[in-house]
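Trainee: Could you have a look at this structure, given as structure tokens, before my questions?
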Amino acid sequence: MPNILRREDIAFLLYDFLDLEELSRLPHFADADRSVYDAILDSVEKIAEERYQPHAQKLDANEPEFDGERVYIIPEVKEALDAFVEAGLMGASFDADQGGLQLPYLLQTAISAWFSAANWGTSGYTGLTVAAGNLLAEHASDAQKERYLRPMIEGRYFGTMALSEPHAGSSVGDIRTRAEPRDDGSYRLFGNKMWISGADHEMSENIINLVLAKIPGGPPGVRGISLFIVPRYLVNEDGSRGDRNDVRLAGLNHKMGCRGTVNCVLNFGDRDGAVGYLVGAPNCGLQYMFSMMNEMRIGVGLSAAALAATGYLHALDYAKDRTQGRRLADRDPQTPMVPIIEHADVKRMLLQQKAYAEGAMALCFYAARLADEKRAGDPTAQEKATALLDILTPIVKSWPSEFGLRANEIAIQVFGGAGYTRDYPVERFYRDNRLNHIHEGTRGIQGLDLLGRKVPMNGGAPLRALVSEMQATVHAARAVPAFADMAEGLEAAINRATETTLSMGSKAEQLGQEAYLANATIYLDMLGHVVVAWIWLRQALVAHEKRAGGADDALCVGKIMACRYFFRYELPAIEAQCALLADMDTTCLDTAAEAL
């Protein structure tokens, strides 16, 4: 068994937990049904097992190289990407009139999870392209869509986003790349970009860079940022590939993980200026880019969850086969050793991994379901989905990135000394997953976004929408005697989180914004734990109902026990966090730099 992901877990999330088939009743998704979804998943599983997973270790050991002229990547990467494109997967969630299959984003999320778990380095190229394509689908002109988006959906062009600069990092308001207008309506870009994944290789006809830059004379800071299409090769009027644009690779960054996705330093305008085309209106670039960034934030959370899930499956398989020690009550050294999965502490570690990995995966799939409702639901459903996505996006990005990484750490521990060697992939999963803390905004940035922007947004409407959804689950769980204690536990956690939030808001008026946000990351973890507890209780209710109907007992019992583990071992952590937050502790804020 490849131990990439378990099909039964994916089916549980898609069909039982989130009712993918219900989306087929929406007019926008009416052309597909479960038979189509399952056929696609069959193809995805086959490609992931045969084309992606086999070269994952080789790619990690042989990362892309730049000889000063071109980038070299092992040939298996392009072979895998070609298989992905030939299966039509690049266009899975794009609208039919754009050349896509017009399938739910929820299904696209399942597709992405398989490939991320199989080989995150190779999957990065298509993930970036789909996200860049979605931005163009939402904000580009019809002519730009025809020239750049359609070839991306066809898999002939790949895409990237170029935000960061060496001096600015996440502070995009301080970028210096400038875009000078020309009489023909195009622009010439001059500047440097850093940490740009997938921005230089020979595996596609063209690479479409979506670049943030400032038009001279525009407003200062983030209000003066515009968004540009800057292709690696110019595109002629007939759609053929033209001359090389003035976009040059200055060098590669070499990271601890995800080493197969080429990561670039780009120079724009070393000669006459890189030709770029404005997307939408001037000075609205950050607003447009956020549509891609928010999608990528969900994608980062999904990658973290997928790496945690495959690490868990590898650890589980190893624990079933590895014999060591005997039961504590058995003192006879002649007794055969038992598989380590029989030891209570190994079960604890496996349950902890399962609770983190499968909880994170369910959270990401739930966010994808909301994205479908926002895209194709009725006005009431769209309004509700928008509010929930507003409050959940920073959690979806950060909670899996934090606790999925912990799951990978625990997987190494289950393997013992073998886990630290490259004979097994769990150390690679850990290195890969460590990058998700940084991708698309650090954990600290997500905390500031959640507490500083999303919680007070629209008078607190997104938080109220979330609380309402969680309270509905509490009500449903109370009707099941076996879950009554967890229903009470979730309600208490919701009340504690709500009271803490209100207390912080009132104290912020006296203590100021800096004190209010000083512990935003703690708030992110706290609310994230409450949300994941809710997600687990929802899953447990579905598993209970399936079990009563005669479904796979092992799958259902596993979900219920992981839920119980989370409520007993994990959720109590919010008490200390809420106490710290409610006190508006300023220890970190007050510590002088000289004291560190």
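Take 103 as the starting number for the sequence shown in our numbering and just add one per residue. Positions of the beta carbon are idealized from the N, C-alpha and C atoms, including for glycine.
Alpha carbon to alpha carbon, how far is Asn338 from Asp345?
Mentor: Rounded to whole angstroms, Asn338 to Asp345 spans 9 angstroms at the Cα level.
Trainee: Is it right to say Val498 is buried, meaning 16 or more other beta carbons lie within 10 angstroms of its own, or is it exposed?
Mentor: Buried, since its Cβ has 16 or more Cβ neighbours within 10 Å.
Trainee: For Tyr526, which of helix, strand or coil comes out of DSSP?
Mentor: Note: Tyr526 maps to coil in three-state DSSP.
Trainee: Quick check: what's the CA-CA separation for Ala406 versus Pro583?
Mentor: Between Ala406 and Pro583, the C-alpha separation is close to 34 angstroms.
Trainee: Closer than 7 angstroms: is that where the CB of His631 sits relative to any heavy atom of the ligand SAH?
Mentor: With respect to the ligand SAH, the structure offers nothing, as it holds no ligand at all.
Trainee: What residues in its chain sit with their C-beta under 7 angstroms from that of Gly226, if we drop five residues either side in the sequence?
Mentor: Cβ neighbours of Gly226 beyond the five flanking positions: Ser299, Gly300, Cys360, Thr363.
Trainee: Which residues bound the beta strand (DSSP E) around Asn365?
Mentor: From DSSP, the beta strand (DSSP E) with Asn365 extends over 365-370.
Trainee: Rounded to a whole number of angstroms, what is the C-alpha to C-alpha distance between Leu120 and Val634?
Mentor: Each residue's alpha carbon lies about 15 angstroms from the other.
Trainee: For the segment 219-237 against the segment 261-277, do three or more pairs of beta-carbon atoms, one drawn from each stretch, fall closer than 8 angstroms, so that the two count as touching?
Mentor: With a cut-off of 8 angstroms, the segment 261-277 and the segment 219-237 count as touching, because enough Cβ pairs lie within range.
Trainee: DSSP state of Lys316, grouped into three classes?
Mentor: Three-state result, Lys316: strand.
Trainee: Buried or exposed: which applies to Ala697, given that a residue is buried once 16 or more other Cβ atoms fall within 10 Å of its Cβ?
Mentor: Looking at its Cβ environment, which holds fewer than 16 other Cβ atoms inside 10 Å, Ala697 is exposed.
Trainee: Among Val528, Phe505, Phe292, whose alpha-carbon lies nearest the alpha-carbon of Val516?
Mentor: Ranking Val528, Phe505, Phe292 by Cα distance to Val516 puts Val528 first.
Trainee: When the Cα of Ala383 is compared with those of Gly353, Lys316, Asn105, Pro438, which residue comes out closest?
Mentor: That would be Lys316, whose Cα lies nearest to the Cα of Ala383.
Trainee: Counting along the chain, where does the beta strand (DSSP E) carrying Glu63 start and finish?
Mentor: Residue 63 is absent from the model: the chain starts at 103 and stops at 698.
Trainee: So for Asn308, helix, strand or coil by DSSP?
Mentor: Strand at Asn308.
Trainee: Unbroken beta strand (DSSP E) runs of length 3 or more, entirely within the segment 341-408: which are they?
Mentor: Within the segment 341-408, the complete beta strand (DSSP E) runs of at least 3 residues are 343-346, 349-354, 365-370, 376-380.
Trainee: Candidates Ile106, Ala219, Pro564, Met686: which alpha carbon is nearest Ala612's?
Mentor: Just to set this straight, residue 612 is Gln in the shown sequence, not Ala. Considering only alpha carbons, the answer is Met686.
Trainee: What is the DSSP secondary structure of Ser266, counted as helix, strand or coil?
Mentor: DSSP places Ser266 in coil when its eight states are reduced to three.
Trainee: Which same chain residues, not among the five before or five after Ile624, have their C-beta less than 8 angstroms away from its C-beta?
Mentor: Around Ile624: Gly549, Gln679, Leu682, Leu683.
Trainee: Considering only the alpha carbon of each residue, which of Ala578, Thr600, Ile547 lies closest to Ala563?
Mentor: Closest by alpha carbon: Thr600.
Trainee: Looking at the unbroken beta strand (DSSP E) that takes in Met296, where does it start and where does it end?
Mentor: Per DSSP, Met296 belongs to the beta strand (DSSP E) from 289-299.
Trainee: Who are the near neighbours of Ala487 in its chain, counting only those whose CB is closer than 6 angstroms to its CB and skipping five residues on each side?
Mentor: So the list reads Leu472, Glu475, Lys476, once near-sequence residues are dropped.
Trainee: Could you name each continuous alpha helix (DSSP H) segment of 4 residues or more that falls completely within the segment 562-641, going from the start of the chain to the end?
Mentor: Qualifying alpha helix (DSSP H) stretches, in chain order: 563-580, 586-613, 615-619.
Trainee: Give the range of the beta strand (DSSP E) segment to which Ile112 is assigned.
Mentor: From DSSP, Ile112 is part of no beta strand (DSSP E) but of the alpha helix (DSSP H) over 109-113.
Trainee: In the structure shown, what three-state DSSP assignment does Pro322 receive?
Mentor: Looking at Pro322 - three-state DSSP - the assignment turns out to be coil, as it is neither helix nor strand.
Trainee: Where do the N-terminal and C-terminal ends of the alpha helix (DSSP H) with Phe131 fall, by residue?
Mentor: Looking at the DSSP string, Phe131 is not in any alpha helix (DSSP H), and its letter there is neither H nor E.
Trainee: Using only alpha-carbon positions, find the residue among Phe186, Glu240, Asn347, Ala352 that is nearest to Glu267.
Mentor: Per the Cα distances, Ala352.
Trainee: Classify Leu404: buried if its beta carbon has 16 or more other beta carbons within 10 angstroms, exposed otherwise.
Mentor: Label assigned to Leu404: buried.
Trainee: Among the residues of its own chain, which have a CB less than 8 angstroms from the CB of Tyr526, if the five just before and after it don't count?
Mentor: Excluding positions up to five away in sequence, the list reads His416, Tyr420, Phe517, Ala520.
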